[in-house]
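K.L.:
What follows is a structure written as structure tokens; I'll ask about it next.
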């Protein structure tokens, strides 16, 4: 019942926002729906973790275990923060004459949340695929919301590349389904039934299927070399959508990947998927570090940094063992918190300076101290400095890596140093110096950036301690993945 | 009689479907390309209906009807409307000429047979022999999406890729469950409607539907 309500709220909200004309009413519904989704999402997640159990609804169509619960918690939390932020942001971006764009924004945001929640709470791998393809369809007009030449190019590229990429994931799903039905007769395309039949699957077919799955869902997760749409789409989308695309949508792609990995590892042993993940992880890190070193656009900088962090998470999954996977899941949380924080702040900077060019943003700390200070703190968190969460999770991942794949870990750490230098140099240019003369002092957005304090507080908490409730939740999620 | 003929009929229809993808490579005019896609969808839905009769599956027959309705009539109608609205386009040379592209397609077919070997060798179904043909259709669809400059032809490449995947699922497992099929149809329809809007917006902004004109986002 809880799972049905979780999906129903964003769906109903999207429908009603699409029909309404009154802008303040739309905003109220948007905010209330996001908060209600958060409340129900957290209730569901806590219930699953507390009881170390799973929830099932609609005749096994929906199913949430500890891993789904982690994703639900992330999607609903960041969804709510982005929803509050977007009230202020969209008002500043689209005045009363552009109510139509505002309505499109709020409607599609709710559809976007709905598709992500469906993807992580369904047991049917076919429905999961449909939902993940639908995330692309829901966001493509959001990327092109301003309908400029650049955003059009970004959105079209995103639409075609993601659709083709994810079509490959469907072939992988069909092949897994085939392996399942050949191995044990009539079978549902459910994760639970495939997982139960995993040891009887034809290993050759499974090997082939996983390559398709990895390339297909890897495209959605922004892994190199399938990442080429990502810097464009994530930098052209409105800030709250960039925050959700980088912060949670990439993780939904990874989620689909590890669901299959759990099955594949039973059939083939973990060596096969680990080698592939280490390869894609290292390549993503290398590509991202090269582009981060000379980046001139701060939104693209954040987007490439997402490619980097998805690479780090894949490395954690590839290093494997309890701590490798633990670090990877913890890093999913840390990256989501820090990247969404930075993307929303980048929206505030864009509203103030009206440019995404790093060289034309000067004196951020002076012109708007709050945004500038938070942007600095977020960047420090993102490049992995203490006392913030990503430091801990990267430390755990690379400790596991040094033990299992020393050379991969050493190369990855060297690449992280490059990223560190590149990002700090860029952000440094933005923070200091004289702000342009005609620029007014003070913050553009006031109350709507308040929820970002949640991201900040959680990042600090995760950097100083590991709450036992979270450690326990992650432990259960690892058990789902077979660790 | 039907049981003996069945694998041959399947192979024939699958090969016809693949043949239309080859023809699309050689064809320049947009309306002809749309008609080729409709023809391919027609062969695929007939194939689905034949398998539905053979496997006596009412569900699969419904899927075949749905496919025919969506991909032989509705989507081609949408695309023909798009062609009329953007007006006749002068012929644009693709990134790769037709002879070279056809050669690549030949190579892709060989690759498809190689990659899908584990499926054909392990699959007891009488339709399994045609699985590589379906996968070749997927690869050629992806290839068309990459080498063509016009947005509409790219979309046709994507749709042919979708047809190939449907065919693959059909031949390897007699189709995926009904609910998934419905979801996929819905996604494809929405994707085509969105792509249609993009054709208009690209035309409006760049004054042509050549994707090659776009290239500002780099680095």
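Chains as they are written, first to last, in this note's numbering: chain A, 1 to 483; chain B, 484 to 702. Where a beta carbon is used, it is the ideal one built from N, C-alpha and C, also for glycine.
1) Which one or two residues does DSSP pair with residue 377 (chain A) in a beta bridge?
2) Examine the Cβ distances between the stretch 606–614 of chain B and the stretch 648–658 of chain B and report whether three or more of them are shorter than 8 Å.
3) Under the DSSP definition of a beta bridge, which residues are partnered with residue 122 (chain A)?
4) How about residue 133 (chain A): is its C-beta nearer than 8 Å to some C-beta of chain B?
5) I'd like to know if residue 65 (chain A) contacts chain E, where contact means its C-beta is closer than 8 Å to some C-beta of that chain.
6) Where does residue 207 (chain A) fall in DSSP's three states?
7) Kindly confirm or deny that the stretch 596–606 of chain B and the stretch 531–546 of chain B touch, where touching means at least three C-beta pairs closer than 8 Å.
8) Evaluate residue 369 (chain A) with the Cβ neighbour count: other Cβ atoms within 10 Å of its Cβ, from every protein chain shown; 16 or more gives buried, anything less gives exposed.
9) Could you say which of A:410, A:349, A:463 lies nearest to residue 524 (chain A) if we only look at CA atoms?
10) Determine the extent of the alpha helix (DSSP H) in which residue 507 (chain A) is found, giving its start and end residues.
11) Can you give, in chain order, each stretch of the alpha helix (DSSP H) that sits fully within the stretch 570–653 of chain B and has at least 4 residues?
12) With a threshold of 8 Å between beta carbons, is residue 524 (chain B) in contact with chain A?
13) Pair every Cβ in the stretch 395–414 of chain A with every Cβ in the stretch 279–296 of chain A, then say whether three or more of these pairs are closer than 8 Å.
14) Pull up the CB-CB distance for residue 280 (chain A) and residue 400 (chain A), whole angstroms please, since I reckon it's below 8 Å.
15) Looking only at C-alpha atoms, which of A:178, A:23, A:79 sits nearest to residue 503 (chain A)?
16) So the alpha helix (DSSP H) residue 448 (chain A) belongs to, where does it begin and stop?
17) Just mark residue 491 (chain B) as buried or exposed, buried being the case when its beta carbon has 16 or more other beta carbons within 10 Å.
18) Between the stretch 460–467 of chain A and the stretch 580–587 of chain B, can you find at least three pairs of beta-carbon atoms closer than 8 Å?
19) Specify the secondary structure class of residue 434 (chain A) as computed by DSSP and reduced to three states.
20) Helix, strand or coil: which one does DSSP assign to residue 52 (chain A)?
21) Using a Cβ-Cβ distance under 8 Å, would residue 516 (chain B) count as near chain A?
22) Can you tell which of A:475, A:394, A:381 has its C-alpha closest to the C-alpha of residue 457 (chain A)?
23) Residues of chain A with CB closer than 7 Å to the CB of residue 504 (chain B), please, in chain order.
24) Does residue 164 (chain A) come within less than 8 Å of chain B when only Cβ atoms are used?
25) Looking only at DSSP bridge pairs, what is residue 693 (chain B) linked to?
26) What ranges does the alpha helix (DSSP H) occupy inside the stretch 91–161 of chain A, keeping only unbroken runs of at least 4 residues that lie completely in it?
27) Skipping 5 residues on each side, what residues in its chain have a beta carbon closer than 8 Å to that of residue 132 (chain A)?
28) So residue 505 (chain B) is in the alpha helix (DSSP H); what residue range does that whole segment cover?
29) Going along the chain, which residues of its own chain have a beta-carbon closer than 7 Å to the beta-carbon of residue 205 (chain A), five neighbours each way excluded?
30) Measuring alpha carbon to alpha carbon, tell me which residue in B:618, B:627, B:683, B:662 is nearest residue 122 (chain A).
31) Candidates A:92, A:234, A:300: which alpha carbon is nearest residue 143 (chain A)'s?
32) Does any residue of chain A have a CB that is nearer than 8 Å to the CB of residue 632 (chain B)?
33) Looking only at DSSP bridge pairs, what is residue 357 (chain A) linked to?
34) Give the residues of chain B in contact with residue 126 (chain A), contact being defined as C-beta atoms less than 9 Å apart.
35) In this structure, does DSSP put residue 486 (chain A) in helix, strand or coil?
P.N.:
Reading it off the structure:
1) Numbered from its first residue, the first chain carries residue 377 (chain A) at position 377. Beta-bridge annotation (DSSP): residue 377 (chain A) is not paired with any residue.
2) The stretch 606–614 of chain B, when compared against the stretch 648–658 of chain B, does touch it at the 8 Å Cβ threshold.
3) Indexing the first chain from 1 puts residue 122 (chain A) at position 122. Partner(s): A:62.
4) The sequence position of residue 133 (chain A) within the first chain is 133, counting from 1. Yes, contact with chain B.
5) Among the chains of the structure shown, chain E does not appear; the protein chains present are A and B.
6) Position 207 of the first chain, counted from the first residue, corresponds to residue 207 (chain A). Residue 207 (chain A) falls in the helix class under three-state DSSP.
7) Contact fails between the stretch 596–606 of chain B and the stretch 531–546 of chain B, because fewer than three Cβ pairs, one in each stretch, are under 8 Å apart.
8) Here residue 369 (chain A) corresponds to residue number 369 of the first chain, with the count starting at 1. Note on residue 369 (chain A): under 16 other CB atoms within 10 angstroms of its CB, so exposed under the neighbour-count rule.
9) Residue 524 (chain A) is absent from the structure shown; chain A starts at 1 and stops at 483.
10) There is no way to answer for residue 507 (chain A), as the model of chain A reaches only from 1 to 483.
11) Here the runs fully enclosed are 581–598, 600–605, 614–630.
12) Here residue 524 (chain B) refers to the residue found at position 41 when the second chain is read from its first residue. Cβ-Cβ to chain A under 8 Å: no for residue 524 (chain B).
13) Judged by pairs of C-beta atoms under 8 Å, the stretch 395–414 of chain A touches the stretch 279–296 of chain A, as three or more such pairs exist.
14) Sequence index remark: in the first chain, residue 280 (chain A) carries index 280 (1-based). Sequence index remark: in the first chain, residue 400 (chain A) carries index 400 (1-based). 18 Å between Cβ atoms; not a contact.
15) The structure shown does not extend to residue 503 (chain A), since chain A spans only 1 to 483, so no value can be given for it.
16) Against the first chain, residue 448 (chain A) aligns to sequence position 448. In the DSSP assignment, residue 448 (chain A) falls outside any alpha helix (DSSP H), carrying neither H nor E.
17) By one-based count along the second chain, residue 491 (chain B) stands at place 8. Residue burial annotation: residue 491 (chain B) is exposed, with fewer than 16 other C-beta atoms found within 10 angstroms of its C-beta.
18) Counting C-beta pairs closer than 8 Å gives fewer than three between the stretch 580–587 of chain B and the stretch 460–467 of chain A, which falls short of the contact rule.
19) For this step, residue 434 (chain A) is matched to residue 434 along the first chain. In the structure shown, residue 434 (chain A) sits in coil (DSSP, three-state: anything other than H, G, I, E or B).
20) If you number the first chain from 1, residue 52 (chain A) lands on position 52. If DSSP states are grouped into helix, strand and coil, residue 52 (chain A) belongs with coil.
21) Locating residue 516 (chain B) in the second chain gives position 33, where the first residue counts as 1. Residue-level contact check: residue 516 (chain B) does not touch chain A, since none of the beta carbons of chain A fall below 8 Å from its beta carbon.
22) One-based indexing of the first chain puts residue 457 (chain A) at position 457. Comparing Cα positions, the closest option is A:381.
23) Along the second chain, read from residue 1 onward, the residue named residue 504 (chain B) stands at position 21. For the C-beta of residue 504 (chain B), not a single chain A residue is nearer than 7 Å; the gap to the nearest is close to 15 Å.
24) Position 164 of the first chain holds residue 164 (chain A). Output row for residue 164 (chain A): interface = yes.
25) Looking up residue 693 (chain B) in the second chain gives position 210. Beta-bridge pairing links residue 693 (chain B) to B:633.
26) Qualifying alpha helix (DSSP H) stretches, in chain order: 99–121, 125–143.
27) Here residue 132 (chain A) is taken as the residue at index 132 of the first chain, counted from 1. Here residue 132 (chain A) has 115, 119, 166, 169, 217, 220, 252, 253, 256 as same chain residues with Cβ atoms under 8 Å from its own Cβ, once five neighbours each way along the sequence are excluded.
28) Numbered from 1 along the second chain, position 22 holds the residue referred to as residue 505 (chain B). Following the DSSP letters along the chain, one finds residue 505 (chain B) inside the alpha helix (DSSP H) bounded by residues 485–509.
29) One-based indexing of the first chain puts residue 205 (chain A) at position 205. Here residue 205 (chain A) has 175, 178, 179 as same chain residues with Cβ atoms under 7 Å from its own Cβ, once five neighbours each way along the sequence are excluded.
30) If you number the first chain from 1, residue 122 (chain A) lands on position 122. For residue 122 (chain A), the closest of B:618, B:627, B:683, B:662 by C-alpha to C-alpha distance is B:662.
31) For the purposes of this step, residue 143 (chain A) is identified with residue 143 of the first chain, where counting begins at 1. Minimum Cα distance to residue 143 (chain A) is reached at A:234.
32) Mapped onto the second chain, residue 632 (chain B) falls at position 149. It does not: the Cβ of residue 632 (chain B) has no partner Cβ on chain A nearer than 8 Å.
33) The sequence position of residue 357 (chain A) within the first chain is 357, counting from 1. Residue pairing from DSSP places residue 357 (chain A) in a beta bridge opposite A:297.
34) Locating residue 126 (chain A) in the first chain gives position 126, counting from the first residue. Result: 659, 660, 662, 663, 664, 666, 667.
35) Here chain A covers residues 1 to 483 and nothing more, so residue 486 (chain A) does not appear.
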